[in-house]
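Heads up, the sequence shown is in the working numbering, so the first residue is 8 and it goes up one at a time.
C-beta: ideal position from N, C-alpha, C; glycine also.
Everything on this sheet refers to the single structure shown next.
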Amino acid sequence: MPKHFFFDLDNTLTPSKALIEAAHVPVLKKLGERADITVVSGHGENDIRKHLTLALEGLYHILGQNGNVAQTKDGRVLWKRPLSQAQKDAARTFIEKAQKHLNYTIRDENDIVEDRGSQIAFSLIGHHENQVKKDAFDPDQAKRRKLLSDLVQEVETLKAANMEIRIAGTTNLDLIELGKNKGYNVPAFIEAMDWKKEDCIYIGDALFPGGNDETVIGILPVKAVKNYKETYLYLEHLLRS
C-alpha cells in the first residue's frame, strides 16, 4: 500500500461543495492510521476543513488553492503564494469579458467571483447556486472549453500577466499564477516532506485532458475515480489487504 495519499476534494472525497458523508469518516480515519493523507484542492484551507468536518481535524495535510497554500496537519505553513494586485486585476478583466460573452442570467451577481488570495475562482452560474442545477450545468466541461476557445486572445493576455486558467469543479474556472498548478505544488510538497514519489499516490476524479488533476500525471502514481463513492470502494479494498 502507498505510504502517502494525495486526494482531490470535490467529487473525490466529498460530494461537490458538500460535507463528507458520515459513513466515509471512519474510512479516512483508518487510512490515516496507516498512511499520510494530503488534500489538494482549489478550495481555500478553511473550506477544506469545513467540508471534511471537525471529526477529521488534524488527520490530513492541506494543499489549498491548487497547492499555492501548503499547511501540514499540525498547522505549520510551508508556503503561501498570494496573487499580486496586477494578477488579480487581470483575472477580473478576463472574468468581465467572459460574462459579457456568455450573457447568462445570474441569480446573484455577487456570487460569481471568489478571491481566495492565491487564486481567483470564477463560477459561470454562481458558487452557491442550487447543487442540482450546478451538477447539470456542464458535466462534460464542453461549455467551459468552448468559452476558453472563444476567448483565446483573452487567455493569452492572461498568460502575459503570469496567470493561467484551469477548469474545475462543476461550474468553475480557477485563475492561478502561471505554472503554479497541482503539477507544480504536489512534487514541491513531496520534496518538502522528504517523501519519495514512488511511495505516493494521487487520487482524483479529473485525471483526464483538461481536468484540474491532469497536471500531476507523470509526476507520481495516480488513480482515477469517477466519483467520491468509487474512492471509498478503492480505499476499503486497500484497507482490507
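Cβ-Cβ distance between Asp212 and Asn73 below 8 angstroms: no
Measure the C-alpha to C-alpha separation of Met8 and Asn188 and round it to an integer number of angstroms. 27 angstroms
Name the DSSP bridge partner or partners of Leu155? Bridge partners of Leu155: none, in fact.
Reducing DSSP to helix, strand and coil, say where Gly51 ends up. coil
Using DSSP with H/G/I as helix, E/B as strand and the rest coil, what is Gln126? coil
Look at the alpha carbon of His58 and the alpha carbon of Ile113, and state the distance between them as a whole number of angstroms. 25 angstroms
So, using beta-carbon positions, are Leu20 and Tyr235 closer together than 8 angstroms? yes
Which same chain residues end up closer than 7 angstroms to Gly190 when comparing Cβ atoms and leaving out the 5 residues on each side of it in sequence? Thr222, Val223 and Ile226
Tell me whether Glu40 sits in a helix, a strand or coil according to DSSP, three-state version. helix
I'd like to know if the stretch 162–169 and the stretch 92–104 are in contact, where contact means that at least 3 CB-CB pairs between them fall below 8 angstroms. yes
Which ranges does the beta strand (DSSP E) cover as unbroken runs of at least 3 residues, wholly within the stretch 186–248, from first to last along the chain? 207–211 and 229–231
Between the C-alpha atoms of His31 and Tyr239, what's the straight-line distance to the nearest angstrom? 7 angstroms
Beta strand (DSSP E) containing Arg99: first to last residue? First-last for Arg99: Gln92 to Leu109, but that is the alpha helix (DSSP H), not the beta strand (DSSP E).
Could you tell me the boundaries of the beta strand (DSSP E) in which Lys80 lies? Segment: none, Lys80 is in no beta strand (DSSP E) and carries neither H nor E.
Taking Asp15 as the reference, which of Gly176, Glu243, Ala149 and Ala195 has the closest Cα? Gly176
Determine the direct distance from the alpha carbon of Gly133 to that of Lys24, and round the result to whole angstroms. 12 angstroms
Is the CB-CB distance between Leu66 and Leu85 below 8 angstroms? no
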